[in-house]
Amino acid sequence: MLDQTRLPGEVVHVTLAGWPDVVDAIKTMVVRGAPAIGVAGAMGVALAAQNAAATSATRQAFDSEMGRAIAELRDARPTAVNLAWAVDRLAGIVADHEGTPGEIAAELTAAARAIHVDEVDRCVAMGAHSLALMTRGARILTHCNAGALATGGYGTALGVVRAAHAADPTVSVIVDETRPLLQGSRLTAWELQQEAIPYTLISDNMAAMLMSQGRVTHVVVGADRIAANGDVVNKIGTYGVAILAREHGIPFIVAAPTSTLDLSMPSAAEIPVEERAADEVRGLSLFGRPAASPDAPVANPAFDRTPARLVSAIVTEQGVHRAPYERSLRRAWDSAAH
Ligand code: MRU
Numbered sequence: 025m026l027d028q029t030r031l032p033g034e035v036v037h038v039t040l041a042g043w044p045d046v047v048d049a050i051k052t053m054v055v056r057g058a059p060a061i062g063v064a065g066a067m068g069v070a071l072a073a074q075n076a077a078a079t080s081a082t083r084q085a086f087d088s089e090m091g092r093a094i095a096e097l098r099d100a101r102p103t104a105v106n107l108a109w110a111v112d113r114l115a116g117i118v119a120d121h122e123g124t125p126g127e128i129a130a131e132l133t134a135a136a137r138a139i140h141v142d143e144v145d146r147c148v149a150m151g152a153h154s155l156a157l158m159t160r161g162a163r164i165l166t167h168c169n170a171g172a173l174a175t176g177g178y179g180t181a182l183g184v185v186r187a188a189h190a191a192d193p194t195v196s197v198i199v200d201e202t203r204p205l206l207q208g209s210r211l212t213a214w215e216l217q218q219e220a221i222p223y224t225l226i227s228d229n230m231a232a233m234l235m236s237q238g239r240v241t242h243v244v245v246g247a248d249r250i251a252a253n254g255d256v257v258n259k260i261g262t263y264g265v266a267i268l269a270r271e272h273g274i275p276f277i278v279a280a281p282t283s284t285l286d287l288s289m290p291s292a293a294e295i296p297v298e299e300r301a302a303d304e305v306r307g308l309s310l311f312g313r314p315a316a317s318p319d320a321p322v323a324n325p326a327f328d329r330t331p332a333r334l335v336s337a338i339v340t341e342q343g344v345h346r347a348p349y350e351r352s353l354r355r356a357w358d359s360a361a362h
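Numbering (the working numbering), first residue to last: 25 to 362.
(1) Based on the DSSP secondary-structure assignment, which residues constitute the bridge partners of A279?
(2) May I ask whether a heavy atom of the ligand MRU can be found less than 7 angstroms away from the beta carbon of V245?
(3) Roughly how many angstroms separate the alpha carbons of A320 and L206, rounded to a whole number?
(4) Can you tell me whether L334 is buried or exposed, with buried defined as 16 or more other CB within 10 angstroms of its CB?
(5) If we ignore side chains and look at the alpha-carbon of each, how far apart do A251 and A81 end up?
(6) At 3 residues or longer, and completely inside the stretch 191-241: list those beta strand (DSSP E) runs for me, N to C.
(7) In its own chain, which residues sit with a C-beta less than 7 angstroms from the C-beta of A302, not counting the 5 before and 5 after it?
(8) What is the residue span of the beta strand (DSSP E) that V256 lies within?
(9) With L107 and G65 assumed to form a contact (beta carbons below 8 angstroms), what rounded beta-carbon distance in angstroms separates them?
(10) Return the first residue and the last residue of the alpha helix (DSSP H) that A152 is part of.
(11) What do you reckon, is the C-beta of Q207 under 7 angstroms from a heavy atom of the ligand MRU?
(12) Check P325 in the structure and name its three-state DSSP category.
(13) Going by the DSSP bridge assignment, what does A251 pair with across the sheet?
(14) Could you check which residue in R163, I295, S291, L132 has the C-alpha nearest to that of A332?
(15) Name the two residues that bound the continuous beta strand (DSSP E) containing T166.
(16) With DSSP run on the structure shown, which of helix, strand or coil describes H189?
(17) According to DSSP, simplified to helix, strand and coil, what is L26?
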């Protein structure tokens, strides 16, 4: 996989030999973004099966190694539901299969590849649906990275941007840098540069000023998990952007595949929010010096919860959903036949 921690300076692919390496890559954000960690988790289960098929003398030994791999991959990060969704799909194949470990490994490999292909197809479909929400010359603000890097190809929020820009080359993007891990400046800006889509990078605290000046026409973000009522959990800072968009009368659009829906959660209040290491917040340096004292007490929630009332539309591969979201998201989930 492409090591996202080394962008934009270096484009380096790493080869992972076993499922513990995949767990580590997800935890350390070598791979990140909700659909992408789902794909990686599925690939991790397939890799575990290939290795275990080569080393296990019995089906029982194979099953016990698979049990360990599945549990650790599923728990590598807690918030984006795509990871558990993808790993559970493959775990179901292992549980139901009566064949040899080699046959199971082959089926899991095909299933993991199919999840990857499906996620990219879903992004392309979302891009097409979202054209109905765009206006000529749109200036789209996005937060975090919801691009090809975050999805295995094309992107959710950046898929919307790609489709809009292909239809209207005057479309441009405002990229929130996205503290503390800077997915906006490191990854979104890099992707837009590759695609030759015009963008302006801002620090997160500039969004209100630009909105007040009429320089933002739409906000488009991805999601890590969407509850049954349409509440959205996404990268920390998304909730603030949604409040700003409401204040300035700017549509706040969420693009996410049905694999990001968690209809077992009545609202976002029940969705776990990952707390990450304090040094991610302290780690910035400025003027050649650390920007925070090394023992500064820190809060570092990696995601926040945006209530459905601030969301103008949710775009899935099934179409554009408007409030009240409950029935429309349920229909989308059922049509996607999970
Ligand atoms: O912590 P990250 O970088 O994995 O968080 C990613 C996000 O919050 C994205 O906005 C989200 O996964 C949507 S990606 C299509």
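Note that CB positions come from ideal geometry on N, CA and C, so glycine has one too.
Once the coordinates are examined:
(1) V339
(2) yes
(3) 20 angstroms
(4) buried
(5) 43 angstroms
(6) 196-200, 223-226
(7) V322, N324
(8) 256-259
(9) 5 angstroms
(10) 125-154
(11) yes
(12) strand
(13) D286
(14) S291
(15) 163-166
(16) helix
(17) strand
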